[in-house]
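K.L.:
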Amino acid sequence: MHNAAARRWFLRTAVIFTLLATLLTLTASSAFADGWQQPSGITSQARNMHNLYKLVVVMGLVVFVAVEGALLLFIFKYKKRGDDLPPQIHGNNLLEIIWTTIPIVIVLILFVFSFRSLINVDKDAKPADLTVEVQGFQFQWAFTYHANDLGAKSDPNSTSTFTITGTAANEPTVVIPVGEPVEFSLTSNDVIHSFYVRDFLYKLDVIPGRNNRFVVTARETGTFTGQCAELCGLNHSLMRFHLQVVTRDEFDAFIQKNAKPAKAAAAPAR
Ligand SMILES: [Cu+2]
Numbered sequence: 010m011h012n013a014a015a016r017r018w019f020l021r022t023a024v025i026f027t028l029l030a031t032l033l034t035l036t037a038s039s040a041f042a043d044g045w046q047q048p049s050g051i052t053s054q055a056r057n058m059h060n061l062y063k064l065v066v067v068m069g070l071v072v073f074v075a076v077e078g079a080l081l082l083f084i085f086k087y088k089k090r091g092d093d094l095p096p097q098i099h100g101n102n103l104l105e106i107i108w109t110t111i112p113i114v115i116v117l118i119l120f121v122f123s124f125r126s127l128i129n130v131d132k133d134a135k136p137a138d139l140t141v142e143v144q145g146f147q148f149q150w151a152f153t154y155h156a157n158d159l160g161a162k163s164d165p166n167s168t169s170t171f172t173i174t175g176t177a178a179n180e181p182t183v184v185i186p187v188g189e190p191v192e193f194s195l196t197s198n199d200v201i202h203s204f205y206v207r208d209f210l211y212k213l214d215v216i217p218g219r220n221n222r223f224v225v226t227a228r229e230t231g232t233f234t235g236q237c238a239e240l241c242g243l244n245h246s247l248m249r250f251h252l253q254v255v256t257r258d259e260f261d262a263f264i265q266k267n268a269k270p271a272k273a274a275a276a277p278a279r
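This note's numbering applies: residue 10 is where the sequence shown begins, and numbers increase by one.
1) Pull every residue with its beta-carbon under 5 Å away from any heavy atom of ligand 1, and keep them in chain order.
2) Take the Cβ of TRP150 as the centre, count every other Cβ of all protein chains shown within 10 Å, and call the residue buried at 16 or more, exposed below.
3) For the stretch 211-226 against the stretch 247-258, do three or more pairs of beta-carbon atoms, one drawn from each stretch, fall closer than 8 Å, so that the two count as touching?
4) Do VAL187 and VAL225 count as a contact pair if the criterion is CB distance below 8 Å?
5) State yes or no: is the C-beta of LEU242 within less than 8 Å of the C-beta of GLN147?
6) Going straight from the alpha carbon of PHE122 to that of VAL114, what length do you get?
7) To which residues does DSSP link SER197 through a beta bridge?
8) Helix, strand or coil, according to DSSP, for THR170 in the structure here?
9) Rounded to a whole number of angstroms, what is the C-alpha to C-alpha distance between GLU189 and PHE260?
10) Classify GLN54 as helix, strand or coil using the three-state DSSP reduction.
11) Can you tell which of THR110, LEU61, ALA134 has its C-alpha closest to the C-alpha of ARG125?
12) Are the C-beta of ASP93 and some C-beta of chain C separated by less than 8 Å?
13) Taking only three categories from DSSP, how would you classify SER123?
14) Are the CB atoms of THR232 and ARG207 nearer to each other than 8 Å?
15) Can you give me the C-alpha to C-alpha distance between GLN97 and ILE107, rounded to a whole angstrom?
16) Of the residues LYS86, THR52, ALA134, which one's Cα is nearest the Cα of GLU229?
17) How close, in whole Å, do the beta carbons of LEU3 and PRO48 come, if the pair is a contact with beta carbons under 8 Å?
18) Let me know the secondary structure DSSP gives ARG222 once reduced to three states.
19) Measure the alpha-carbon distance for LYS135 versus GLY160 and round it to whole angstroms.
20) Going by beta carbon distance, what residues of the same chain come within less than 7 Å of VAL184, once the five residues before and after it are set aside?
21) Going by beta-carbon coordinates alone, are THR140 and SER194 separated by less than 8 Å?
22) Less than 8 Å between the CB atoms is what I'm expecting for GLU142 and ILE201, so what's the real figure, rounded?
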């Protein structure tokens with residue numbers, strides 16, 4: 010009789026454990042099948058943010074497993090076994106210290122790492138950084154390059170400039186060199202837009218009367234997509250654009266090709 014009860018208990022525990030383990034494995038494997046549910050980003054700044062995100066996810070998982078594990082443990086360990094009242098306990102200093110300290114430590118860790126990421130992401134541009142002027146308008150983008158503000162190969166004496174203006178039918182491509190800090194300088198002359206490139210893991214509002222700026226250093230070449238991320242009117246959805254990250258040589262060739270005198274005089278569309 011005693012043996013039969015022990016076997017039943019063992020079987021039940023084994024079944025519950027197997028079910029939980031299967032569930033956990035399925036959840037974790039599908040959750041992380043496609044990376045971390047977040048693209049890792051193509052810029053130093055994005056990777057920094059992505060690492061912070063991973064840290065938060067791991068900490069969240071540890072808390073989740075610890076809390077749910079304790080919950081299950083206590084449900085089974087202290088389930089009702091008769092009508093007698095269990096021992097009644099009031100207060101426990103050690104427990105209170107533990108459950109006050111752990112959250113404080115978690116918040117401190119998150120604060121330090123978030124602050125470090127924030128400083129890294131919000132770094133100001135250096136004078137030597139390449140600048141791309143971005144103008145948002147209803148309903149597209151214009152990207153302006155200045156020959157005297159092209160980073161490593163600027164021509165300080167040149168006033169040459171050219172603008173790539175997008176239309177809904179002809180989505181523009183903004184080109185930047187890989188491995189160099191690039192400042193995006195954002196302005197709008199009508200309504201609020203938002204400059205968003207998914208693989209930057211970053212977006213910034215484009216506000217009339219203001220000049221918002223951010224700096225990124227791309228870490229890989231390729232073509233990526235961007236769009237306006239602030240509902241700005243009826244044709245907001247047409248405000249798509251492309252971002253091409255190329256080598257320095259390809260970037261210089263791109264500048265050469267576009268900075269022709271005929272195009273040099275082109276003004277922003279609006
Ligand atoms: Cu928009």
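All C-beta atoms in this analysis are idealised placements derived from N, C-alpha and C, irrespective of residue type, glycine included.
P.N.:
The short version:
1) HIS202, CYS237, CYS241, HIS245, MET248
2) The residue labelled residue 150 in the question sits at position 141 within the sequence shown. Classification of TRP150: buried, given that the 10 Å Cβ count is 16 or more.
3) no
4) The residue you call residue 225 lines up with position 216 of the sequence shown. The residue you call residue 187 lines up with position 178 of the sequence shown. In this structure, VAL187 does not lie closer than 8 Å to VAL225 by Cβ.
5) Your numbering for residue 242 matches position 233 in the sequence shown. Your numbering for residue 147 matches position 138 in the sequence shown. The identity of residue 242 in the sequence shown is Gly, whereas the question assumes Leu. Yes, these two residues count as a Cβ contact at 8 Å.
6) For the purposes of this step, residue 122 is taken as residue 113 along the sequence shown, with counting starting at 1. For the purposes of this step, residue 114 is taken as residue 105 along the sequence shown, with counting starting at 1. Roughly 12 Å separates the two Cα atoms.
7) In the sequence shown, the residue the question calls residue 197 occupies position 188. GLY145, PRO217, per the DSSP bridge assignment.
8) Locating residue 170 in the sequence shown gives position 161, counting from the first residue. DSSP places THR170 in strand when its eight states are reduced to three.
9) Sequence index remark: in the sequence shown, residue 189 carries index 180 (1-based). Sequence index remark: in the sequence shown, residue 260 carries index 251 (1-based). Rounded to whole angstroms, GLU189 to PHE260 spans 11 Å at the Cα level.
10) On the sequence shown, residue 54 is found 45 positions in, with the first residue counted as 1. The answer is helix: DSSP assigns GLN54 an H, G or I state.
11) Counted from its first residue, the sequence shown places residue 125 at position 116. Per the Cα distances, LEU61.
12) Annotation note: the requested chain C is absent from the structure, which comprises a single protein chain.
13) The residue given as residue 123 occupies position 114 in the sequence shown. Looking at SER123 - three-state DSSP - the assignment turns out to be helix.
14) Stepping through the sequence shown from its first residue, residue 232 is reached at position 223. Stepping through the sequence shown from its first residue, residue 207 is reached at position 198. No, they are not a contact pair.
15) Your numbering for residue 97 matches position 88 in the sequence shown. Your numbering for residue 107 matches position 98 in the sequence shown. Going from the Cα of GLN97 to the Cα of ILE107 covers about 21 Å.
16) Working through the sequence shown from its first residue, we reach residue 229 at position 220. When only C-alpha atoms are compared, the closest one is THR52.
17) Nothing about residue 3 can be reported from this structure: the residues present for the chain run from 10 to 279 only.
18) Indexing the sequence shown from 1 puts residue 222 at position 213. Reduced to three states, the DSSP call for ARG222 is strand.
19) Along the sequence shown, read from residue 1 onward, the residue named residue 135 stands at position 126. Along the sequence shown, read from residue 1 onward, the residue named residue 160 stands at position 151. Cα to Cα, LYS135 sits roughly 10 Å from GLY160.
20) Here residue 184 refers to the residue found at position 175 of the sequence shown. Only GLN253, VAL255, PHE260, PHE263 meet the Cβ criterion.
21) Translated into positions along the sequence shown, residue 140 becomes position 131. Translated into positions along the sequence shown, residue 194 becomes position 185. Their beta carbons are under 8 Å apart, which means THR140 touches SER194 by this criterion.
22) The residue given as residue 142 occupies position 133 in the sequence shown. The residue given as residue 201 occupies position 192 in the sequence shown. Contact flag wrong, Cβ pair sits at about 18 Å.
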